[in-house]
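Adding 19 to a residue's 1-based position in the sequence shown gives its number in the working numbering. Note that the Cβ used here is the ideal one computed from N, Cα and C, for glycine as well.
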Amino acid sequence: MAMPLYDSIKRAATGVLWSGDHLFPRIPETIDMLRSKGKQLVFVTNNSTKSRADYKKKFDKMGISAQEEEVFGSSYSAAIYISRILKLQPPKDKVFVLGETGVEQELQSENVRYCGGTDKSLLRDITPEDYSSIADGSALDDEVAVVLTGLDFHPSYLKYSLGMAYLNRGAKFLATNIDSSLPSAGSLFPGAGSTSAPLITATKKEPLALGKPSQAMMDAIEGKFQFDRKKACMIGDRLNTDIQFGIEGKLGGTLCVLTGVSKKEEFLGRGAEVVPSAYVDQLGDLLG
């Protein structure tokens, strides 16, 4: 891949730079090489459990040169959409969250009020009293206008019951992303799509997803970083999110890295639906 063709590089993190706490070979050197050639780097991630500040800490821990402002995560994308596009107004200006602290921190950064999330009072079995108070509305917050799902490490039937009730009351249904799986420790685990799935089944409603491959996310990134799409390349490990994101966004190129979810057999075979411009076994191969 002739990377000098591109002025701006958008890349996923998990599956491209690392898997869990395992850093792939020659990643810091590759990032430094791209910077030395004047490339604008944006780290685009669908992992909603971490905020931009959290990612900055991880980059530092991994020895990778990166700034917090270069990180664009699905939690941040959702927070921007809620605060700057929906522009919720009192008294209905609160978000019910099914997700982790990354979502909460990004909502706070945009001054969006929320409930649910990591609230420990929801980490319990549902009771007969809960059924009654949810059914009659007394357990619901009348200020909630949005239900936002992200990867939730502590889901509960009580959370889902509240989320369903809010959606049935007319709340907007948003998702940071709907990835089916999360790569970690060299394997795959349930992704954020596993959090939204019960609500989709229960309400027959589909969320607006604000992570890759949503073009709402691409528009937000373009608005913030002001880059020429024809001179940008998306690097990722997952065909149906990263590579599709770049193709639908009409970027100049896409590069699939084979250290994550997708395998080359998926796009080299006849009839493949999503095909990257090029592929490498690992990102460090760009060093030659």
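Legend entry - Limits of the beta strand (DSSP E) - the one that Gln86 falls within: Position 67 of the sequence shown, counted from the start, is the residue given in the question as residue 86. Element bounds for Gln86: n/a, residue is neither H nor E.
Legend entry - Beta-carbon proximity list for His41, same chain, < 8 Å, skipping 5 on both sides: In the sequence shown, the residue the question calls residue 41 occupies position 22. Cβ neighbours of His41 beyond the five flanking positions: Ala204, Gly205.
Legend entry - Closer than 8 Å: Gly290 CB and nearest the ligand ADP heavy atom: This structure lacks the ligand ADP, and indeed carries no ligand of any kind.
Inset, instruction - Measure the alpha-carbon distance for Gly189 versus Arg54 and round it to whole angstroms. - result: Taking the first residue of the sequence shown as 1, we reach residue 189 at position 170. Taking the first residue of the sequence shown as 1, we reach residue 54 at position 35. Distance between the alpha carbons of Gly189 and Arg54: 47 Å.
Legend entry - Proximity to Glu87 [Cα-Cα], best of Asp138, Val63, Ala221, Tyr100: To locate residue 87, count along the sequence shown from 1; it is residue 68. Residue Val63 is the option with its Cα nearest to Glu87.
Inset, instruction - For Ser94, name the three-state secondary structure that DSSP assigns. - result: The residue you call residue 94 lines up with position 75 of the sequence shown. Correct three-state label for Ser94: helix.
Inset, instruction - Take the Cβ of Gln263 as the centre, count every other Cβ of all protein chains shown within 10 Å, and call the residue buried at 16 or more, exposed below. - result: Along the sequence shown, one-based indexing puts residue 263 at 244. By the neighbour-count rule (16 or more Cβ atoms within 10 Å), Gln263 is buried.
Inset, instruction - Indicate whether Ser67 and Asn259 have their beta-carbon atoms separated by less than 9 Å. - result: Indexing the sequence shown from 1 puts residue 67 at position 48. Indexing the sequence shown from 1 puts residue 259 at position 240. Going by C-beta atoms, Ser67 is not nearer than 9 Å to Asn259.
Inset, instruction - Taking Val165 and Val122 to be in contact with their CB atoms under 8 Å, please state how far apart those CB atoms are, rounded to whole angstroms. - result: Counted from its first residue, the sequence shown places residue 165 at position 146. Counted from its first residue, the sequence shown places residue 122 at position 103. Contact doesn't hold; Cβ gap of about 12 Å is too wide.
Legend entry - Length of the line joining the Cα atoms of Lys29 and Asp149: In the sequence shown, counting from the first residue as 1, residue 29 sits at position 10. In the sequence shown, counting from the first residue as 1, residue 149 sits at position 130. About 45 Å.
Inset, instruction - Go ahead and pull the three-state DSSP assignment for Ser206. - result: Walking along the sequence shown from the start, residue 206 turns up at place 187. Reduced to three states, the DSSP call for Ser206 is strand.
Legend entry - Nearest-angstrom Cα separation, counted from Ala297 out to Met20: Indexing the sequence shown from 1 puts residue 20 at position 1. Indexing the sequence shown from 1 puts residue 297 at position 278. The predicted model places Met20 with a pLDDT of 32, which falls under 50 and marks its position as unreliable, so this point remains unresolved.
Legend entry - Cβ contact (3+ pairs, closer than 8 Å) linking the segment 210-228 and the segment 164-179: yes
Inset, instruction - Would you mind sorting Asn187 into buried or exposed? The rule is 16 or more other CB atoms within 10 Å of its CB. - result: In the sequence shown, counting from the first residue as 1, residue 187 sits at position 168. Classification of Asn187: exposed, given that the 10 Å Cβ count is below 16.
Legend entry - Alpha-carbon to alpha-carbon, Gly230 and Ser93: Counted from its first residue, the sequence shown places residue 93 at position 74. Counted from its first residue, the sequence shown places residue 230 at position 211. The straight-line gap from Cα to Cα measures roughly 5 Å.
Legend entry - Simplified DSSP assignment, three categories, for Met22: Translated into the one-based positions of the sequence shown, residue 22 becomes position 3. Low confidence applies here, because Met22 scores a pLDDT of 39, under 50, leaving its location unreliable and the question unanswered by this model.
Legend entry - Limits of the unbroken beta strand (DSSP E) element including Leu229: Taking the sequence shown and counting its residues from 1, one reaches residue 229 at position 210. Counting along the chain, Leu229 falls outside any beta strand (DSSP E), and DSSP gives it neither H nor E.
Inset, instruction - Rank Arg289, Lys76, Tyr74, Lys283 by C-alpha distance to the C-alpha of Asp300 and give the top, closest one. - result: The residue given as residue 300 occupies position 281 in the sequence shown. Comparing Cα positions, the closest option is Lys283.
Legend entry - Per-residue burial, Arg289 [other beta carbons within 10 Å of its own, 16 or more giving buried]: Residue mapping note: residue 289 aligns to position 270 of the sequence shown, counting from 1. Exposed is the call here.
Inset, instruction - Would you kindly work out how many angstroms separate the C-alpha atoms of Asn130 and Lys139, rounded to a whole number? - result: Translated into positions along the sequence shown, residue 130 becomes position 111. Translated into positions along the sequence shown, residue 139 becomes position 120. Cα-Cα distance, rounded: 22 Å.
Inset, instruction - Can you check DSSP and say which residues form a bridge with Gly272? - result: For the purposes of this step, residue 272 is identified with residue 253 of the sequence shown, where counting begins at 1. DSSP output for Gly272 lists Cys252 as bridge partner(s).
Legend entry - Three-state secondary structure (DSSP) of Lys29: Numbered from its first residue, the sequence shown carries residue 29 at position 10. Note: Lys29 maps to strand in three-state DSSP.
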